[in-house]
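Please read the structure below before turning to the comments.
There are 2 protein chains.
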Amino acid sequence: MQNPFDQKKQSILKEISANELTPDASPKGTIDEMCIPIIDLINSNKDMVTTSSCSGRVSVFLEGVKDILDVNDVQIGAKGNYGHWLFVTHDPKSLPNWYKSIDFKYDTDEQLKLSSMIDQKSRFILFKFEPLILHVKCRDLQMANALYTSAMGCGFRETGIGSNNIVGIRISIKLDVPIGYLNKSTTGEELISFVTQDYLQIITQLSEDRFKENFKKLDSLYKAIEQLNSKAVSSSATTEKQESKEDRKQRKMAEGLARREAVRAEKELKKLQKLAQQQQHPDGPENPSQ
Amino acid sequence: MQNPFDQKKQSILKEISANELTPDASPKGTIDEMCIPIIDLINSNKDMVTTSSCSGRVSVFLEGVKDILDVNDVQIGAKGNYGHWLFVTHDPKSLPNWYKSIDFKYDTDEQLKLSSMIDQKSRFILFKFEPLILHVKCRDLQMANALYTSAMGCGFRETGIGSNNIVGIRISIKLDVPIGYLNKSTTGEELISFVTQDYLQIITQLSEDRFKENFKKLDSLYKAIEQLNSKAVSSSATTEKQESKEDRKQRKMAEGLARREAVRAEKELKKLQKLAQQQQHPDGPENPSQ
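Protein chains in written order, with this note's numbering: chain A, 29 to 318; chain B, 29 to 318.
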């Protein structure tokens, strides 16, 4: 009979393994490729299991319809009610010229006094860079504290431990830029950009910088967790037979490697299969799992 | 002889009491007025003490000089090395027309191809809305967990417990907008805005919305902590004499109220005294304490 943590871990690992191959509810549809190595590393530690992850992304979101109740009511980044992504990527290589694929009308002429055209109900278009975020459930508070310390040491300054020993690993490399709004005219709805294409190009470049910084942080976190794992192994080696512990580690690593390779191969296949039918923009549901 | 938590709490309270009246190292110089009621409320609970706070603010920051080491080096929001605030406020009433007090050169002409004029070393001007953040040291993990649960219940979704039972109460109502850069020309340095005044007006309005949302959240957190405090009182009333507990609560509340009033009166006086000498913009040090 397994204890509750091990039961939970087993069921999460089953889910992860399924999600790596099939689309889930997030706009991306699968676990980010960039996250797989660190997820595998964390899950190779018997006292930790990842519960959610995002390797970092750029997204462009059109707010939903706002049901404003009174003059003080504000609905920032309104989800639901037709709120949806115009663009999402976890891969900096997909960034260049993203805005050319969106039917923006550029309206930056100061004579128009744009600011007088927006009000409480305006549905804004928000450009965001969001960094790596990881949630890791730990067996006990001791493990949660050790992971917390490692993450803080790598500069993940907004990391914290939540309920049930779940560690949220967070950092604040961000961009959060209103770039336009939805205009309703007699001829229909149009996406107005109240910044220039040149400005969109600048924030795209700045997002590339943030991706670089983000992946550097991901690397240093990976190394810190490697250290944490090796410590865990050596400290429990004193109570167990050292030989079998080492064997187990080797086997786990080999299994992880084989599994990762299998997932990658499967993904490549899926990608090729999808290419024909998926030339439109990702347009996710209300509550992405990442 | 006091236990370590009580010693720590006493020394922090002394510091807070000093900071409320005299400038500290932050760009604002004192504890935000909007934070004082919730700080007093938290500190009226014998098992909690606030260690840092910011009620929410808008800031405009010019990045510092960047010592770029290689092509992959990025220094986002570089502090130090002449990085400094061009504008900071915790008060939405100080927001309107903030940009008119800064000597911006507006350069949004697409013909200039601004994006080709910026590089790794460019020092950007960043406009930010940052929401309420509170750090609260708790006597033990039980208290930290209770506070964590209350904050999460109010929508402070990025709350977490750190080391030494310090709870970081965080929310992600943000704006993080690059609005310009520092240009070095033959005639000297100039602050270039690569967005229009109209756009600055829009993000100013959106910041006002975020302030509203932020203060709503602050209110709901205040109420949740009131509940937490009353629960703490009633649960310990079962083990102590109910009469003396109630007396103590009343006395603490009266003391807190009197102290708050005294601080307010003192602040009003200080404000009047400062008005003559302080008509320039806050221009803080590198590492704000808030």
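We treat Cβ as the ideally placed atom computed from N, Cα and C, and that holds for glycine. Only a predicted model underlies this, so the values are computations on that prediction, with no experimental measurement involved.
Beta-carbon separation (whole angstroms), residue i vs residue j, contact threshold 8 Å
{"i": "Ile59(A)", "j": "Ile70(A)", "result": "Not confirmed; about 13 Å, so no contact."}
{"i": "Glu236(A)", "j": "Pro120(A)", "result": "5 Å"}
{"i": "Thr224(B)", "j": "Tyr134(B)", "result": "6 Å"}
{"i": "Gly330(A)", "j": "Phe132(A)", "result": "A query on residue 330(A) cannot be resolved here, the shown segment of chain A reaching from 29 to 318 and no further."}
{"i": "Phe222(A)", "j": "Tyr227(B)", "result": "6 Å"}
{"i": "Val332(B)", "j": "Leu175(B)", "result": "Because residue 332(B) is not part of the residues shown, which for chain B are 29 to 318, the question remains open."}
Alpha carbon of residue i to alpha carbon of residue j, nearest angstrom
{"i": "Asp34(B)", "j": "Val86(B)", "result": "35 Å"}
{"i": "Tyr127(A)", "j": "Thr232(A)", "result": "9 Å"}
{"i": "Leu234(B)", "j": "Ser83(B)", "result": "17 Å"}
{"i": "Asp52(A)", "j": "Ser72(A)", "result": "Confidence in Asp52(A) is poor, its pLDDT being 48 and thus under 50, which makes the residue's placement unreliable; the coordinate value appears in the next sentence. Cα to Cα, the separation comes out at about 23 Å."}
{"i": "Pro159(B)", "j": "Phe239(B)", "result": "8 Å"}
{"i": "Ser81(A)", "j": "Gln30(B)", "result": "44 Å"}
{"i": "Ile64(A)", "j": "Val164(A)", "result": "14 Å"}
{"i": "Thr79(A)", "j": "Lys36(A)", "result": "10 Å"}
{"i": "Asn257(A)", "j": "Cys166(A)", "result": "13 Å"}
{"i": "Leu210(A)", "j": "Ile201(A)", "result": "28 Å"}
{"i": "Thr177(B)", "j": "Ile67(B)", "result": "18 Å"}
{"i": "Tyr250(A)", "j": "Asp168(A)", "result": "21 Å"}
{"i": "Gly108(A)", "j": "Lys94(A)", "result": "9 Å"}
{"i": "Ile40(B)", "j": "Val77(B)", "result": "8 Å"}
{"i": "Met62(A)", "j": "Ala179(A)", "result": "18 Å"}
{"i": "His112(A)", "j": "Met171(B)", "result": "39 Å"}
{"i": "Lys244(A)", "j": "Leu203(A)", "result": "18 Å"}
{"i": "Glu268(A)", "j": "Ala252(A)", "result": "Note that Glu268(A) has pLDDT 45, beneath the 50 cutoff, so the model's placement of it is unreliable and the number below is only indicative. Using only the alpha carbons, I get a separation of about 24 Å."}
{"i": "Ile161(B)", "j": "Gln148(A)", "result": "26 Å"}
{"i": "Ser213(B)", "j": "Ile230(A)", "result": "20 Å"}
{"i": "Ser129(A)", "j": "Glu218(A)", "result": "14 Å"}
{"i": "Ser248(B)", "j": "Val99(A)", "result": "19 Å"}
{"i": "Glu241(A)", "j": "Ala260(B)", "result": "44 Å"}
{"i": "His118(B)", "j": "Asn173(B)", "result": "29 Å"}
{"i": "Gln38(B)", "j": "Ile197(B)", "result": "22 Å"}
{"i": "Ile199(B)", "j": "Leu114(B)", "result": "25 Å"}
{"i": "Lys42(B)", "j": "Gly181(A)", "result": "30 Å"}
{"i": "Tyr110(A)", "j": "Ser122(A)", "result": "25 Å"}
{"i": "Pro124(A)", "j": "Pro32(B)", "result": "55 Å"}
{"i": "Ile146(B)", "j": "Glu186(B)", "result": "34 Å"}
{"i": "Ile96(A)", "j": "Leu246(B)", "result": "21 Å"}
{"i": "Ala46(B)", "j": "Lys74(B)", "result": "20 Å"}
{"i": "Val116(B)", "j": "Ile220(B)", "result": "19 Å"}
Sheet register partners of residue i (DSSP bridge)
{"i": "Trp113(A)", "result": "Phe89(A)"}
{"i": "Glu254(A)", "result": "DSSP, once it has assigned bridges, lists no residue as partnering Glu254(A)."}
{"i": "Thr78(B)", "result": "Val164(B)"}
{"i": "Gly208(B)", "result": "Ile153(B) and Ser221(B)"}
{"i": "Glu158(B)", "result": "Arg85(B)"}
{"i": "Ser178(A)", "result": "Looking at the DSSP assignment, Ser178(A) forms no beta bridge with any residue, so it has no partner."}
{"i": "Tyr134(A)", "result": "Ser221(A)"}
{"i": "Ile197(A)", "result": "Leu162(A)"}
{"i": "Leu203(B)", "result": "Phe157(B)"}
{"i": "Ser213(A)", "result": "Gly216(A)"}
{"i": "Ile189(A)", "result": "Val195(A) and Ile189(B)"}
C-beta neighbour in chain C for residue i, strict 8 Å
{"i": "Phe33(B)", "result": "Among the protein chains of the structure shown, namely A and B, there is no chain C."}
**Item:** Within 9 Å of chain A by C-beta, residues of the stretch 59-91 of chain B in sequence order
**Value:** Answer in chain order: no residues at all.
**Prompt:** Okay, do the stretch 143-154 of chain B and the stretch 86-95 of chain B touch, 3+ Cβ pairs below 8 Å being the bar?
**Reply:** The stretch 143-154 of chain B is in contact with the stretch 86-95 of chain B.
**Message:** So if I threshold CB-CB distances at 8 Å, which residues from the stretch 198-214 of chain A count as touching chain B?
**Reply:** Listed by position, the residues of the stretch 198-214 of chain A near chain B (Cβ gap below 8 Å) are Arg198, Ile201, Lys202, Leu203, Asp204, Val205 and Pro206.
**Asked** Between the stretch 159-190 of chain A and chain B, which residues of the former have CB atoms less than 8 Å from a CB of the latter, in chain order?
**Response** For the stretch 159-190 of chain A, the beta-carbon criterion of a distance under 8 Å to any beta-carbon of chain B is satisfied by Leu169, Asn173, Tyr176, Thr177, Met180, Glu186, Thr187, Gly188, Ile189 and Gly190.
**Message:** Would the stretch 184-196 of chain A count as touching the stretch 100-108 of chain A if we require 3 or more Cβ pairs under 8 Å?
**Reply:** The stretch 184-196 of chain A, when compared against the stretch 100-108 of chain A, does not touch it at the 8 Å Cβ threshold.
**Within 7 Å of chain A by C-beta, residues of the stretch 232-245 of chain B in sequence order** = The stretch 232-245 of chain B vs chain A, Cβ under 7 Å: Gln233, Leu234, Asp237, Arg238, Lys240 and Glu241.
**Asked** Listed from N- to C-terminal order along the chain, which residues in the stretch 104-128 of chain A have their beta-carbon within a distance smaller than 8 Å of any beta-carbon of chain B?
**Response** Cβ contacts with chain B: Ile104.
**Request:** Using a Cβ-Cβ cut-off of less than 8 Å, give me the residues of the stretch 214-231 of chain B that come near chain A, in sequence order.
**Result:** Along the stretch 214-231 of chain B, the positions whose C-beta sits under 8 Å from a C-beta of chain A are Phe222, Val223, Thr224, Gln225, Asp226, Tyr227, Gln229, Ile230 and Ile231, read in chain order.
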